[in-house]
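Numbering (the numbering used here), first residue to last: 1 to 114.
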């Protein structure tokens with residue numbers, strides 16, 4: 001499984017971005033997938049995920065601001081990020097779990113700064 005993340009960039013505080021993660025395989029039969037991020041000097045942390053086809057979890061720091069979604073017809077996972085804060089600056093990685101394996105995208109950089 002190959003994952004291609006995109007959509008990162010520079011945005012001002014309070015702005016929005018939508019990240020995309022295009023998969024090389026169908027997502028229809030994959031339930032567990034999501035996004036992590038890693039800020040400079042910090043450990044990678046979970047941002048949002050699907051734990052089943054329609055159940056989602058979010059980090060407390062992004063609840064109410066970020067929305068994870070999926071389009072199985074396009075084999076794509078999304079992360080809509082609103083009300084961005086400088087603390088959201090990080091490299092964002094998408095992943096999918098297939099059986100016992102975890103596949104990662106290459107990461108996309110999000111910088112929130114005025």
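Idealized CB from N, CA, C, for every residue including glycine.
What you are looking at is a predicted structure, and each value in this text was computed from that prediction instead of being measured.
Residue i and residue j look like a contact to me (Cβ under 8 Å); what is the Cβ gap, rounded to whole Å?
{"i": "residue 102", "j": "residue 93", "result": "So it is not a contact: roughly 11 Å between Cβ atoms."}
{"i": "residue 39", "j": "residue 68", "result": "The pair is not a contact, with the Cβ atoms about 19 Å apart (cut-off 8 Å)."}
Who are the near neighbours of residue i in its chain, counting only those whose CB is closer than 6 Å to its CB and skipping five residues on each side?
{"i": "residue 31", "result": "52 and 53"}
{"i": "residue 11", "result": "17, 84 and 112"}
Look at the Cβ atom of residue i, then the Cβ atom of residue j, and state whether they are nearer than 8 Å.
{"i": "residue 1", "j": "residue 98", "result": "yes"}
{"i": "residue 82", "j": "residue 70", "result": "no"}
{"i": "residue 19", "j": "residue 79", "result": "yes"}
{"i": "residue 5", "j": "residue 75", "result": "no"}
What's the gap between the Cα of residue i and the Cα of residue j?
{"i": "residue 9", "j": "residue 109", "result": "6 Å"}
{"i": "residue 15", "j": "residue 104", "result": "26 Å"}
{"i": "residue 56", "j": "residue 45", "result": "16 Å"}
{"i": "residue 86", "j": "residue 25", "result": "34 Å"}
{"i": "residue 107", "j": "residue 3", "result": "9 Å"}
{"i": "residue 89", "j": "residue 50", "result": "22 Å"}
{"i": "residue 63", "j": "residue 35", "result": "14 Å"}
Going by DSSP, what residues sit across from residue i in a beta bridge?
{"i": "residue 22", "result": "4 and 76"}
{"i": "residue 46", "result": "36"}
{"i": "residue 64", "result": "BP columns for residue 64 are empty, so no partner."}
Against chain C, with Cβ distances strictly below 8 Å, would residue i count as a contact?
{"i": "residue 11", "result": "Although the question refers to chain C, the structure presented lacks it and comprises just one protein chain."}
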